[in-house]
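Data first, discussion second: the structure below is written as structure tokens.
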Amino acid sequence: MVLIVFTFFLFYFLFTYKAGKTYPLLYLMLFVYFVQYVFTVYLIYNVYPVLRRQMPIPQEQLFEYVIPALLCLFLGVFLFNKDINFSKHFAKINPELAARLGHLLLFVSFTFEFLSFLGFPGLGSIISFTYFLRFAGAMCYLFSPSILNYVLLTLVYLGLTRDALRGGVFIDFFMWMTYLYLIFVHKYNWSMKLRSTFVLLAVPLLVIIQSVKDDYRKATWTGRRESGVELFTELAQKKNFDEGDEFQNSDAVISTVGRLNQGWHLGMVLKRVPNKEPFSNGEDFISDIKGIFSLRLIAPDKKKIGSKDKFEKFTGHKLIRNTSMTIGVLGDFYVNFGYWGSFLGLFIYGAVAAFLINFFIKKYVVPDPIKIVWVPYLFSYLVRSGNDFYMVANSIVKGFLIFFAVNAIYEFLWSDLRRNNLPNKYMPRLSNNEPLVQANSLD
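Spelled out as structure tokens, the structure:
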């Protein structure tokens, strides 16, 4: 127990400490994976026996795979990650450029949504990516203070809250509020104490939402109640905390632990494969790769994101109608490459993730710091431990395609303004005996 708690606070410290120096998306990823695959799982087995029914296999059997799997994943991240302290570069952001990029991202996001509303065919899969551009665009307005820009930022995030309440799905709300917080940290140079305090203050909100979420969904999905803040507040007030119970033993905390647990579906995979379902031997992985690099217009039978087929096949658990789940990255690598092969696969997965993030920051963010808003857009799905490889890789590949398209427009429209805004050390120069200095070189 002491080791589990120590490791929990170690990852929490790494995340909050690195938040003041770099964009700590990788550290957030490690923290989330540890919490959802180790910390909450341990609590279920040892502290909250009422939740024990979630777990299909003994703790020793689950941790026999989870611990080395996460160690390999984390090792790949740490070995290939190179933190870049770019906080000093935020002072160089041109407010006008920041506002224009924000306007462009909002324009693209809402234009595709409007075209879909008009009935243009084939836009469904595109909107699933362009929808999130509005939140990246809203973050640009923090660097271009004006009443109009702050109003736009507020409206966009109010829309995020509305969509979460309307659908009863809060993962996007949690993630994009976290990404906004990380931008705030750099913009206003928050101290370690303030960063840590803010994260701790967010815990009660997480507990309230997780504890109310099931009742809220029942009331809005299958009941006749109208979704909204009023219903959510009413359900939160009805969620009783027994006066004799300590906070950690309250129904809200117990339900939150149960909701955060990602070990249950992995346990079902480990129980079923290979005893009742053979290993895929890479076949699912190959089909994932093919699906990522194919268009549905050309290949209408390509694999669907979030399909429940893989989940039901490798867990043996039938999902109710209109419900989709995945077996997660850990389960994905296990069913494709077996016990030992999955460790190598997860190491490579972590290494590639670290390389891509660092490549993007060096190539695009350091020369033009406002492009930091693209980092959560491109790599957000890495943080979500419940997502499988196909969902993560597809989001990154499609995200980069959208980035290149939008960035080409951005560069074309405002190339003169960007050129005048670049500091001298980033500008290419030629002299009689000097080589060309690359615009994206680092000191």
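When the letters of the sequence shown are read in order and numbered with the working numbering, they come out as residues 242 to 684. The beta carbon of each residue, even a glycine, is placed where N, CA and C say it ideally should be. Because the structure is a prediction, the values reported are computed rather than measured.
Taken in chain order, the complete alpha helix (DSSP H) segments of 4 or more residues contained in the stretch 551-631 are 569-601, 615-624. Assigned with DSSP and collapsed to three states, Y372 falls in coil, not helix or strand. Within a 10 Å sphere around the beta-carbon of M270 sit 16 or more other beta-carbons, which makes this residue buried.
For F520 against G579, the beta-carbon gap comes to about 5 Å, under 8 Å, which counts as contact. Taking the CA atoms as reference points, S621 sits about 25 Å from V510.
Taking all protein chains shown into account, T281 has 16 or more neighbouring C-beta atoms within 10 Å of its C-beta and is therefore buried. In this structure, S357 keeps its C-beta atom at 7 Å or more from the C-beta atom of L374. Annotation: the continuous alpha helix (DSSP H) that includes V494 extends over 492-501.
Taking the Cβ atoms as the reference, F555 lies roughly 6 Å from V514, within the contact range of under 8 Å. Collapsing the DSSP output to three states places A260 in coil.
Look at L312 here: in three-state DSSP terms it is helix. Setting aside the 5 residues that flank it on each side, Y420 is surrounded in the same chain by P617, each with a C-beta closer than 6 Å to its C-beta; the list follows chain order. A Cβ-Cβ distance of about 7 Å is found for the pair V498 and L292, placing them in contact under the 8 Å criterion. Annotated three-state conformation of L364 is coil, per DSSP. In the pairwise beta carbon analysis, the stretch 300-317 is classified as touching the stretch 584-595: at least three pairs are separated by under 8 Å. A direct Cα-to-Cα measurement between F473 and L347 gives close to 29 Å. For the pair V614 and A377, the CB atoms are nearer than the 7 Å cut-off. Excluding residues up to 5 positions away in sequence, F414 lie with their Cβ nearer than 7 Å to the Cβ of T402 in the same chain. Straight-line spacing of the CA atoms in L571 and V307 works out to 8 Å. Within the model, the alpha-carbon separation for E305 versus V624 is close to 23 Å.
Spanning the alpha carbons of M566 and S548 requires a straight line of approximately 7 Å. Nearest Cα to G557 within the set N577, R407, A649, E518: E518. Under the DSSP assignment, L292 falls outside any alpha helix (DSSP H); it carries neither an H nor an E label.
With fewer than 16 other Cβ atoms inside 10 Å of its own Cβ, L442 counts as exposed.
With fewer than three CB-CB distances shorter than 8 Å, the stretch 272-279 does not count as touching the stretch 295-302. DSSP places M242 in the coil class of the three-state scheme, outside both helix and strand.
F534 and N335 have their C-alpha atoms roughly 36 Å apart. Looking only at S528, H506, G640, I561, the smallest Cα-Cα distance to L303 is reached by H506. Spanning the alpha carbons of F256 and P362 requires a straight line of approximately 42 Å. When the alpha-carbon of M242 is set against those of I602, L267, N287, the nearest one is in N287. The alpha helix (DSSP H) runs of length 4 or more contained entirely in the stretch 392-447 are, from start to end of the chain, 412-428. Distance between R466 and A460, taken at the CA atoms: about 5 Å. As the crow flies, the alpha-carbon of W417 is around 14 Å from that of F370. Ranked by how close their Cα comes to the Cα of I367, the residues G640, Y391, V453, F645 have G640 in first place.
In this structure, the beta-carbon distance from S626 to V273 falls below 7 Å.
D456 sits in a helix when the DSSP states are folded into three classes.
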